[in-house]
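Undergrad: Convert by adding 399 to the 1-based position in the sequence shown; the result is the number in the working numbering.
Encoded as structure tokens, here's the structure I'll be asking about.
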Amino acid sequence: MKNISINIIGASTESYPTGITPLEISKSIKEIPKNVVICKVDDVLTDLNEPLVKDATIQFLDAKSKDGHSVLLHSTAHLMAQAVKRLFPKTKVTIGPYLDNKFYYDFDVETPFSEEDLSNIEKEMHKISKENLEITHEVKSRKDAISLFKKMKESYKVEIINDLEKSEVLKVYSQGEFTDLCRGPHVPSTGTIKHFKLLSSSAAYWRGDENNQTLQRVYGTSFPSEKDLKKYLTMLEEQKKRDHRKIGKELDLYFHDEEVGPGLPLWTPNGAVIIDELEALAKEKEDASGYKRVRTPHLTKGALYEKSGHLEHYTTSMYPAMDVDGLDYYIKPMNCPHHHKIYANRPKSYRDLPYRLSEYGTCYRYEKSGELFGLMRVRSMQMNDAHIYCTEDQFKEEFIGVCELYMEYFKIFGIEKYEMRLGLHDPEGLGKKYINNPKLWKKTEEDVRNALKGAGLKFVESVGDAAFYGPKIDVQVWSAIGKEFSLATNQVDFAVPERFNLTYTDGDGSSKTPLCIHRAPLGTHERFIGFLIEHFGGDFPLWLAPKQVSILPVSDKYNAYADQVCSELKKHGVRAEVDNRSEKIGAKIRDAELQKINIMLIVGEKEVDGKVVTVRRRFVKEQETVELNSLIERFTDEINKRSLPYRES
């Protein structure tokens, strides 16, 4: 039998017989860890038991690697599906993808799973893991695959196959009695999967369409070690404590009302303070960068969105048209078409560029009811929006200027981990999902790539995530406890300005079309405040806290002095209030702590006599007695500097 040459990354190049599997190779090479779960063959993720038939380069991966963990999660989803089929044979399986550190599988069941059911499913999963069933696959023709799953009475799999492209290679994976349609790859055996936990279950619609069958979605997680699993579960518990919906209710920041409608948050006075502070911060930064603020209406004629391309590419995310005097009107999903109109209202020359317009406009987007989630997925949103019109020569500086603004905000809010993702177009979507101009796509994407590299900014590329009018940067951030959020966007528009006939007169007298940069460094107030609630756990920095100081008189006879202190603080812009309830001081302190108020000022006989206050601060053990003017100076300095939450070292 002819031998093949295998270059093993981290080891050496060796000669092996044709048909040997990566798993067999891994057992024969001492440099390869024994806990590998998957490999890359010529940079393509491949099953360890896939026979090798030609020369190749192999990289072995364990479950701690990003790709290895993804495969482990996906394989655990199959393990769960097998356990479900054993315990509930009439269940129909649908899809079971992996997510970031989690997986889920959707099932068509007669009765939703109970907590006891989930516990029993998890026990059965451990049983199957101990059976150490080999996970194998084979390629099927479309006809044979359909015949197989019809025989198994798995109608969802038949529907999936019928919807796939004719060129799709159909793989069928099996482990023991369980067989599933899947692209793979998977770990070599069920015994590889040891440390997992089912997390929750909920209702879901087949293919996300609320008109389709309601399914039961079960979430779980899986890790290469018990230590990693426990660490992740501990983080999930912390996330529950920091859930913005829970804390938002406790701190009375916002709420939803059924008569108002789902996805339409109502901001209370406490929540409005946070919005006002964020707007003040953004306006301060934008004023320093030469932005001009504008305001635009909440609705407009459909012809405007037809011209911008939103009706063609974005209509499923827009609310239906309203008939007004025989014409279609829409409530706005974004501000850009209106800003284009403001730019075009007066002639521009090259001396006017870059021309930067900003607005805190409220936009409305239709999100399916099943996808609404607290402040993260809403239907009404206030955007930290702006559009920069510039020449081609100005583009790099303006684009990087926006990215640098991100960095300033990250520092202010203590965001240490972030990732910039360059969204590129998918050539197959030209004319459908994207503006059909291949040359401009190629040029603009290269311009953005070069600008980022030139500024020394790290980024990853993501094909298929561009806006319909150009490439974009999406910024992912991680909260203090490691939860990932989508935050900001920085988009290049090479197409729509021409549609709106936006021009400027160049130095040589010729008429040219500007580039447009769409940017929203703080995203929407809703999503960003949701992030901040969880990032800080409700313990906002002093400058952002809705209630900064609570003054606590130890009895009613000190209320007058407490009012004087409160009045003096308010004169200096400090948000202060007096708790003049006829409660014991211990109860007042406890309630202030539950409201996560940064600073409590206790006033009693000695404070009145000395014209001082006793300061009790969150996360600081020792109280101190301070003269009020000195304290005000300290507070205002901390507020003006927008310092991060105070912690005793």
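For every residue, glycine included, the Cβ atom is placed at its ideal position computed from N, Cα and C.
1) Given a threshold of 16 other Cβ atoms within 10 Å of its Cβ, counted over all protein chains shown, does V568 qualify as buried or as exposed?
2) Excluding the five sequence neighbours on either side, which residues of its own chain have a C-beta within less than 8 Å of the C-beta of N402, listed in chain order?
3) Can you round the beta-carbon distance between V964 and I950 to whole angstroms, since I take them to be within the 8 Å contact cut?
4) Could you work out which residue in T695, R1041, H971, K1010 is closest to E1032 when comparing CA atoms only?
5) Any idea if L726 is buried or exposed, counting beta-carbon neighbours within 10 angstroms, 16 or more meaning buried?
6) Taking C-alpha atoms, which residue in C802, H934, D751 lies nearest to T790?
7) Just to confirm, is the Cβ distance from L774 to P661 under 9 Å?
8) Who are the Cβ neighbours of E807 in its own chain at under 6 Å, not counting the five residues just before and after it?
9) Using C-beta distances below 8 Å, list every residue in its chain close to D724, excluding the 5 sequence neighbours before and after it, in chain order.
10) Assign A986 to buried or exposed, taking buried as 16 or more other Cβ atoms, counted over all protein chains shown, within 10 Å of its Cβ.
11) Three Cβ pairs or more, each shorter than 8 Å: is that satisfied between the stretch 931 to 951 and the stretch 637 to 656?
12) Which residues share a DSSP beta bridge with A785?
13) What ranges does the alpha helix (DSSP H) occupy inside the stretch 708 to 771, keeping only unbroken runs of at least 4 residues that lie completely in it?
14) Using a Cβ-Cβ cut-off of 8 Å (strictly less than) and excluding sequence neighbours within five positions of I981, which residues of its own chain qualify?
15) When you compare only the Cα positions, how much space is there between P496 and A476?
16) Looking only at C-alpha atoms, which of P584, I730, Q793 sits nearest to V440?
17) Based on the DSSP secondary-structure assignment, which residues constitute the bridge partners of K700?
18) So, at 6 Å on beta carbons, what are the nonlocal neighbours of R1051 in its own chain, with the 5 sequence-adjacent residues on each side left out?
19) In chain order, what residues of the same chain lie with their CB nearer than 7 Å to the CB of A865, ignoring the 5 residues before and after it?
20) Would V953 and G1003 qualify as a contact pair, given that the criterion is a beta-carbon distance under 9 Å?
21) Quick check for students: name the residue ranges of the beta strand (DSSP E) that lie wholly in the stretch 439 to 519, counting only runs of 3 or more.
22) So what does DSSP say about V571, is it helix, strand or coil?
23) What residues in its chain sit with their C-beta under 6 Å from that of Q574, if we drop five residues either side in the sequence?
24) Look at R776 and S716 and say whether their C-beta atoms are less than 9 Å apart.
25) Confirm, please, whether the CB-CB distance from I741 to T695 is below 9 Å.
26) Can you tell me the Cα-Cα spacing of E393 and A991, whole angstroms?
27) Using the Cβ count rule (16 or more neighbours within 10 Å means buried), how would you classify V672?
28) Where does T913 sit, in a helix, a strand or coil, going by DSSP?
29) Just to confirm the assignment, what range does the beta strand (DSSP E) spanning T1024 have?
30) Just checking my contact of L652 with R778 at CB under 8 Å: how many whole Å lie between their CB atoms?
31) Quick check on DSSP: helix, strand or coil for W1066?
32) Would you report the Cα separation of I407 and K433, rounded to the nearest angstrom?
33) Give the secondary structure of I403 by DSSP, where H, G and I count as helix, E and B as strand, and everything else as coil.
34) I'd like to confirm the pairing. Which residues does DSSP put opposite I534 in its beta bridges?
35) From the DSSP output, which residues share a beta bridge with H594?
36) S1048 to N1028, Cα distance in whole Å?
TA: Quick answer:
1) exposed
2) S414, Y415, P416, T417
3) 5 Å
4) H971
5) Label assigned to L726: exposed.
6) D751
7) In this structure, P661 does not lie closer than 9 Å to L774 by Cβ.
8) Spatial neighbours of E807 in its own chain (CB-CB distance under 6 Å, excluding positions within 5 residues in sequence) are not present.
9) none
10) Exposed, since its Cβ has fewer than 16 Cβ neighbours within 10 Å.
11) yes
12) S757, R918
13) Within the stretch 708 to 771, the complete alpha helix (DSSP H) runs of at least 4 residues are 709 to 712, 735 to 743.
14) As written in the sequence, residue 981 is Ser, which differs from the Ile given in the question. Excluding positions up to five away in sequence, the list reads D955.
15) 7 Å
16) P584
17) Y728
18) Given a span of 400 to 1048 for the chain in the structure shown, any question on residue 1051 remains unanswerable.
19) G822, L823, H824, Y833, K871
20) yes
21) 443 to 445, 455 to 461, 502 to 507
22) Strand at V571.
23) Cβ within range, chain order: L532, I534, T589.
24) No. Outside cutoff.
25) yes
26) The structure shown does not extend to residue 393, since the chain spans only 400 to 1048, so no value can be given for it.
27) buried
28) A small fix is needed here, since residue 913 is Pro in this sequence, not Thr. Looking at P913 - three-state DSSP - the assignment turns out to be coil, as it is neither helix nor strand.
29) 1023 to 1026
30) Incorrect: roughly 18 Å between the Cβ atoms, too far for contact.
31) This structure does not reach residue 1066, given that the chain is present from 400 up to 1048, and the question cannot be answered.
32) 15 Å
33) strand
34) Paired residues: Q574.
35) F622
36) Because S1048 sits at a pLDDT of 47, beneath the cut-off of 50, its placement in the model cannot be relied upon, and the following sentence gives the value as read from the coordinates. Distance between the alpha carbons of S1048 and N1028 is about 25 Å.
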